[in-house]
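Worksheet: the structure to be examined is printed underneath.
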Amino acid sequence: MKKLLALALVLVMMLSLSVTCFADGKAAADYTGTLTIYSPHDSDPLNDGVAAFEAAYPNVKVEVVADGTSNLVAKIAAESAAPVADVLWGGGADTLAAYKTYFQPYTPSALDLIDPSLYDAEHYWIGESPLPMVFIANTNLVPEDKIPTTWKDLADWDVDAYGKIAIADPTSSGSAFTQLCTILFLYGEEKDDYAAGWEMVSKIMPKLEVKNSSSLAHKDVFGGENALGITLEKAAIKYSEDFMKVIYPTDGTSAVPDGVAIVKNCPNQELAELFEEFVLGHDCQARQNAEWGRRPIRSDVEPVGLKPLSDITLMNYNFDYAAGNASDIKEAWQDMLVG
């Protein structure tokens, strides 16, 4: 049934695009050439997205270079004198912000359907799948009325009664680094390097048990070693057991997205813009969510099996500050941790 639904979605996308004329007067079949995509996405959603794009634009061939985000942005930087890639599809927006000098701005048609906190203010990168940060609790170990509902509540967590809160190490975990910055940006201000945010971190830190792997921040909650953890939504929602609860902080949380960006001076500008429009399009967003559980970024795509993004309080995440001060932030965390 799932395969039949997937085929039906592709056929609908092909049919709708085959009869559509775009703003430049072209039909889908009029686009030709080779598009080179660099992507760190998992193979299934990556291959599925590429196949759907090629089906929609039958005269465009896509070449994919798959690797980790850090390797791909380093490769884009190294090739900047003679770019090879047209598009970077995927990778955390923190990293894309750090390398934005190697991208070029583009304003997609779907921009008014995307929360402004989820794209670069100058449109050098656009979020394509947000990743909210959440708390996860084991109600076999902590009563529901004792579970924190805000980041500030973590400072009042009763360690004696419920043990410490599981979190990964921000110096080695990208998601934990985002969690740290979330607290800084939520409670502090850039003008003084988020001093009030660091004060809040200092209050929360004694309540934390730092894990050596991101996955342990949720696995150890499920296993009963911790009553509460801080993790990514996409990890937390995999637990269907009644005793596992997912909490979206009501004072605000970050949803640092995977992003899409067009490489500066790329060889195939027109096709790069076409692909960005495609992955931000309603059909691709709905398909990636339905087939692979990726959260859509568009406000007009209702997520399957996920809380609507409009029901989550999002804070203003300072991507440029996080990217430009990552080393100092990690050093300050480490100094505070060791006392």
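Taken in order, the sequence shown gives residues 130 to 468; the numbers are from my numbering.
The beta-carbon is built from N, C-alpha and C at its ideal position, and this holds for glycine as well.
Assign D159 to one of two classes, buried (16 or more other C-beta atoms within 10 Å of its C-beta) or exposed (fewer than that). exposed
L337 vs I276 beta-carbon contact at 8 Å: no
Determine the direct distance from the alpha carbon of C413 to that of E431, and round the result to whole angstroms. 13 Å
What number of angstroms, rounded off, separates the C-alpha of N454 from the C-alpha of P187? 44 Å
CB-CB under 8 Å to Q463, same chain, minus the five flanking residues each way: which ones, in chain order? T300
Can you tell me the Cα-Cα spacing of L345 and D298, whole angstroms? 11 Å
Go ahead and label K374 buried or exposed: buried means 16 or more other beta carbons lie within 10 angstroms of its beta carbon, across all protein chains shown. buried
Could you pull the DSSP bridge partners for T163 from this structure? K190
Put L260 into one of helix, strand or coil per three-state DSSP. coil
Span separating the alpha-carbon of A305 from that of H411: 31 Å
If you count every other CB in all the chains shown that lies within 10 Å of the CB of M465, and 16 or more means buried, which is it? exposed
Short check: CB of L313 to CB of D380, under 8 Å? no
Compare the beta carbon distance of E183 and L409 with 8 Å and say whether it is the shorter of the two. no
Check the DSSP bridge columns for E338 and list the partner residues they point to. A295
Within 10 angstroms of its Cβ, does N447 collect 16 or more other Cβ (buried), or is it exposed? buried
Inspect the CB distances between the stretch 207–219 and the stretch 433–452 and report whether three or more fall short of 8 Å. no
Start and end residues, beta strand (DSSP E) containing A390: D387 to V392
Neighbourhood of L309 by C-beta distance below 8 Å, restricted to the same chain and skipping five residues each side: P299, V330, I458 and W462
For M373, name the three-state secondary structure that DSSP assigns. strand
What residue range does the beta strand (DSSP E) around W218 cover? V216 to G221
Contact check, F264 vs I376, beta carbons under 8 Å: yes
Using 8 Å as the threshold, is the C-beta distance between A452 and V433 below it? no
Between which two residues does the alpha helix (DSSP H) containing I205 stretch? T198 to A207
Mind checking T236: buried by the 16 CB within 10 Å criterion, or exposed? exposed
Limits of the alpha helix (DSSP H) - the one that G358 falls within: Element bounds for G358: not the alpha helix (DSSP H) but the beta strand (DSSP E), L357 to L361.
Strand pairing of Q398, partner residues [DSSP]: According to DSSP, Q398 bridges with nothing at all.
Cβ-based burial, G468 [other Cβ within 10 Å; buried from 16]: exposed
Under a Cβ-count criterion, where at least 16 other Cβ atoms within 10 Å of its own Cβ denotes burial, should D171 be classed as buried or exposed? exposed
For the stretch 379–393 and the stretch 241–258, state whether three or more C-beta atom pairs, one from each stretch, are separated by less than 8 Å. yes
Here's the rule I'm using: 16 or more other beta-carbon atoms within 10 Å means buried, otherwise exposed. How should L240 be labelled? exposed
On the CB-based measure, 16 or more other CB atoms within 10 Å of its CB, does A266 come out buried or exposed? buried
Which ranges does the alpha helix (DSSP H) cover as unbroken runs of at least 4 residues, wholly within the stretch 416–458, from first to last along the chain? 448–453
I'd like the span of the alpha helix (DSSP H) that includes L313, first residue to last. G303 to Y316
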